[in-house]
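Below is one structure, written out as structure tokens, with a few remarks after it.
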Amino acid sequence: MKIEIKNLCKKFDNNIVLKDISLTIEKNKSTIILGQSGCGKSVLIKTLYQLFNFDSGTILYDGRNYVDIDKFSMLFQYGALFDSLKISENIAFTDFINNKSNFDRKVLSLMSDVGLDKSTYGKYPSEISGGMKKRVGLARALYKNPKVIFLDEPTTGLDPINSDKINELILKVISKRKITAVSITHDIKSAIKTGDHYYFIHNGVIQDKGDCKKILKTKNKIFKKFITGARY
Ligand SMILES: Nc1ncnc2c1ncn2[C@@H]1O[C@H](COP(=O)(O)OP(=O)(O)OP(=O)(O)O)[C@@H](O)[C@H]1O
Ligand SMILES: [Mg+2]
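FYI, the numbering for the sequence shown is 7 to 238, going by my numbering.
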């Protein structure tokens, strides 16, 4: 699905988070959203996901301003797993809450896709590691066969080896399932590896954009400082 965002403005009371955002999410491509902590990355994707309304501007989904939300999935920044539910019930959440019970095969197949051992099936989130929780979040996001997947910091908090594994996984599922992906990351290496296009948000606007493979060649001074960790 193609998503076109034009002159989007989103504020909370007097806090204008997104001033004037225009960007295009291309169909079946991987778009990366970058920016300093607090710049509005999560707010942007939650707005696209229709969890928030917005103040002005337009969002077009395949040319229309309405969309069937069932086509979307999100891997939330902090996992958002339900502590009181087993891993299998978390993954099959949409069926589980509707009292459907024959989800075993689908869950096991997804667990295998995301590299989760069968032994975690009946465990609770508190019994598994951070990297495994990300995999569970990814499996849950894939459960309903989304057309668009939003990934909010899928590798944050993981060691480099596990980050790399999650990145490989993301690349695999995006290409295998032909999904449009929108990811937020602070990790430039992940952006280069998993992204096609990037957008860098600063002070509520898109400060820089381009091809992820050319991130390190950017001429934008503010984005350069962000990449190198220098102060603005
Ligand atoms: N539900 C909300 N109500 C009011 N303000 C909010 C809400 N959600 C986010 N904000 C505000 O919007 C701004 C951007 O928050 P957001 O979570 O999008 O940042 P972010 O770029 O994702 O940061 P990080 O990299 O730390 O996750 C912050 O000032 C935050 O306080
Ligand atoms: Mg965030």
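Glycine included, every Cβ here is placed at the ideal spot set by N, Cα and C.
Because the structure is a prediction, the values reported are computed rather than measured.
Give the single residue among Ser94, Lys33 and Leu144 whose Cα lies nearest to the Cα of Val179.
Taking the sequence shown and counting its residues from 1, one reaches residue 179 at position 173. Among Ser94, Lys33 and Leu144, the Cα nearest to that of Val179 is on Leu144.
Going by DSSP, what residue range makes up the alpha helix (DSSP H) through Val142?
Locating residue 142 in the sequence shown gives position 136, counting from the first residue. From DSSP, the alpha helix (DSSP H) with Val142 extends over Gly136 to Tyr149.
Any idea what DSSP makes of Met52, helix, strand or coil?
Against the sequence shown, residue 52 aligns to sequence position 46. Here residue 52 is Lys; the residue named in the question, Met, does not match the sequence. If DSSP states are grouped into helix, strand and coil, Lys52 belongs with the helices.
Our contact map puts Ser94 next to Tyr130 with C-beta atoms below 8 Å; I'd like the distance itself, whole angstroms only.
What you label residue 94 is simply residue 88 of the sequence shown in a count that begins at 1. What you label residue 130 is simply residue 124 of the sequence shown in a count that begins at 1. With a Cβ gap of about 11 Å, Ser94 and Tyr130 do not count as contacting.
Per DSSP, which one or two residues make a beta bridge with Gly41?
By 1-based counting over the sequence shown, the position of residue 41 is 35. BP columns for Gly41 point to Ile207.
Suppose the cutoff is 7 Å on Cβ atoms and the five residues either side in sequence are ignored; what does the same chain contact list for Tyr67 look like?
Start at 1 with the first residue of the sequence shown, and residue 67 comes out as number 61. The residues are Met7, Ile9 and Val73.
The alpha helix (DSSP H) with Thr234 in it runs from where to where?
Locating residue 234 in the sequence shown gives position 228, counting from the first residue. Element bounds for Thr234: Lys227 to Thr234.
Inspect the beta-carbon positions of Ile39 and Thr186 and report whether they are closer than 8 Å.
If you number the sequence shown from 1, residue 39 lands on position 33. If you number the sequence shown from 1, residue 186 lands on position 180. Going by C-beta atoms, Ile39 is not nearer than 8 Å to Thr186.
Restricting to Cα atoms, I'd like to know which of Gly210, Thr234 and Val188 is closest to Lys33.
Locating residue 33 in the sequence shown gives position 27, counting from the first residue. Among Gly210, Thr234 and Val188, the Cα nearest to that of Lys33 belongs to Val188.
Closest by CA to Ile221, which one among Phe18, Asn21 and Thr37?
Here residue 221 is taken as the residue at index 215 of the sequence shown, counted from 1. Of the candidates Phe18, Asn21 and Thr37, the one whose C-alpha sits nearest the C-alpha of Ile221 is Thr37.
Going by the DSSP bridge assignment, what does Arg183 pair with across the sheet?
Taking the first residue of the sequence shown as position 1, residue 183 is located at position 177. Arg183 pairs with nothing; no bridge assigned.
Would you call the CB atoms of Leu50 and Ile27 closer than 8 Å?
Numbered from 1 along the sequence shown, position 44 holds the residue referred to as residue 50. Numbered from 1 along the sequence shown, position 21 holds the residue referred to as residue 27. A contact, by the Cβ cut-off of 8 Å.
What distance in whole Å lies between the Cβ atoms of His208 and Gly41, which are believed to be in contact at a cut-off of 8 Å?
For the purposes of this step, residue 41 is taken as residue 35 along the sequence shown, with counting starting at 1. For the purposes of this step, residue 208 is taken as residue 202 along the sequence shown, with counting starting at 1. With 8 Å as the limit, Gly41 and His208 qualify as a contact, their Cβ atoms being about 6 Å apart.
So is the beta-carbon of Cys15 under 7 Å away from any non-hydrogen atom of ligand 1?
Taking the first residue of the sequence shown as 1, we reach residue 15 at position 9. No.
Would you tell me roughly how many angstroms separate the C-alpha atoms of Asp170 and Ala197, rounded to the nearest one?
The residue labelled residue 170 in the question sits at position 164 within the sequence shown. The residue labelled residue 197 in the question sits at position 191 within the sequence shown. Looking at the two C-alpha atoms, the distance is approximately 11 Å.
Whole angstroms is fine: what's the gap from Gly69's alpha carbon to Ile228's?
As a working mapping, residue 69 is identified with position 63 in the sequence shown. As a working mapping, residue 228 is identified with position 222 in the sequence shown. Looking at the two C-alpha atoms, the distance is approximately 32 Å.
Is Ala147 buried or exposed, if buried means 16 or more other CB atoms sit within 10 Å of its CB?
The residue you call residue 147 lines up with position 141 of the sequence shown. By the neighbour-count rule (16 or more Cβ atoms within 10 Å), Ala147 is buried.
Roughly how many whole angstroms lie between the Cα atoms of Val211 and Asn71?
Residue 211 sits at position 205 when you count from the first residue of the sequence shown. Residue 71 sits at position 65 when you count from the first residue of the sequence shown. Each residue's alpha carbon lies about 22 Å from the other.
If you reduce the DSSP assignment to three classes, tell me which class Ile155 lands in.
Counting from one through the sequence shown, the residue named residue 155 turns up at place 149. Looking at Ile155 - three-state DSSP - the assignment turns out to be strand.
Using a strict less-than 7 Å threshold between each residue's beta carbon and the heavy atoms of ligand 2, what residues do you get?
Those residues are Lys47, Ser48, Gln83, Asp158, Glu159 and Ile190, given in chain order.
Report buried or exposed for Asn5, applying the criterion of at least 16 other Cβ atoms within 10 angstroms of its Cβ.
This structure gives no information on residue 5, because the portion of the chain shown stretches from 7 to 238.
Could you check what DSSP says for Thr126 in three-state terms: helix, strand or coil?
Stepping through the sequence shown from its first residue, residue 126 is reached at position 120. Correct three-state label for Thr126: helix.
Using C-beta distances below 8 Å, list every residue in its chain close to Phe88, excluding the 5 sequence neighbours before and after it, in chain order.
The residue given as residue 88 occupies position 82 in the sequence shown. Cβ neighbours of Phe88 beyond the five flanking positions: Glu95, Asn96, Phe99 and Pro131.
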